[in-house]
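Student:
Numbering (the numbering used here), first residue to last: 33 to 183.
And the structure:
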């Protein structure tokens, strides 16, 4: 193998590792002081590994989240079997649909439980805008979904 190829493979491996949502989330949270009630809101195509990274970082600090929501397009079997008290919700992707509306409602319900002194870990990756979509007041859900379909 040439030196140039070794360098290219090394750079590729480093880039893939740096983009790993689990490792990046866990690394970013390790050693951080968090308030008494941490919450996890993980939304996007990488929501599951980001949530797992946050949970593992909290566990290493002997912390348990107060609650939270994980919104993803799908959940690998067993991926979040032990994430109590997090709620796992499937949203629609790439175009929002009924599941996305339900996911937005689940997120809203969780956020309403957060207290002023709580720490909220907001973990967002690609696809979040489709996975949790809700119309603003005065716009119907169908009108919002039609806009997304048109885009």
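Note that beta-carbon positions come from the ideal geometry of N, C-alpha and C, so glycine has one too.
Please give the ranges of any beta strand (DSSP E) in the stretch 101-143, keeping only runs that are unbroken, at least 3 residues long and fully inside the region.
Tutor: The qualifying runs are 118-122.
Student: Starting from the Cα of residue 133, find the closest Cα among 66, 111, 104 and 99 and give me that residue.
Tutor: Of the listed residues, the one whose Cα sits closest to residue 133 is 104.
Student: Taking 8 Å as the line, does the beta carbon of residue 178 fall inside it for any heavy atom of the ligand ADP?
Tutor: Looking for the ligand ADP in the displayed structure turns up nothing, as the structure carries no ligands at all.
Student: When DSSP labels each residue in this structure, what does residue 93 get in the three-state scheme?
Tutor: Of the three classes helix, strand and coil, the one that applies to residue 93 here is coil, per DSSP.
Student: Report the three-state DSSP secondary structure of residue 74 (helix, strand or coil).
Tutor: Residue 74: strand per DSSP, three-state reduction.
Student: Nearest CA to the CA of residue 123: which residue from 76, 57, 144 and 152?
Tutor: Among 76, 57, 144 and 152, the Cα nearest to that of residue 123 belongs to 76.
Student: Looking only at its chain, what residues have a beta carbon closer than 8 Å to the beta carbon of residue 106, apart from the 5 residues adjacent to it on each side?
Tutor: Excluding residues within five positions, the ones whose Cβ falls inside 8 Å are 122.
Student: How far does the alpha helix (DSSP H) with residue 45 in it extend, from its first residue to its last?
Tutor: It spans 35-50 - the alpha helix (DSSP H) in which residue 45 sits, taken as one unbroken run.
Student: Apart from the five residues just before and just after residue 51, which ones in its own chain have a Cβ nearer than 8 Å to its Cβ?
Tutor: Excluding residues within five positions, none has a Cβ falling inside 8 Å.
Student: Can you tell me whether DSSP reads residue 159 as helix, strand or coil?
Tutor: If DSSP states are grouped into helix, strand and coil, residue 159 belongs with coil.
Student: Under 9 Å, do residue 165 and residue 176 count as touching if we go by C-beta distance?
Tutor: Cβ distance < 9 Å, so residue 165 and residue 176 count as in contact.
Student: Return the CA-CA distance between residue 80 and residue 149, expressed in angstroms with no decimal places.
Tutor: Each residue's alpha carbon lies about 26 Å from the other.
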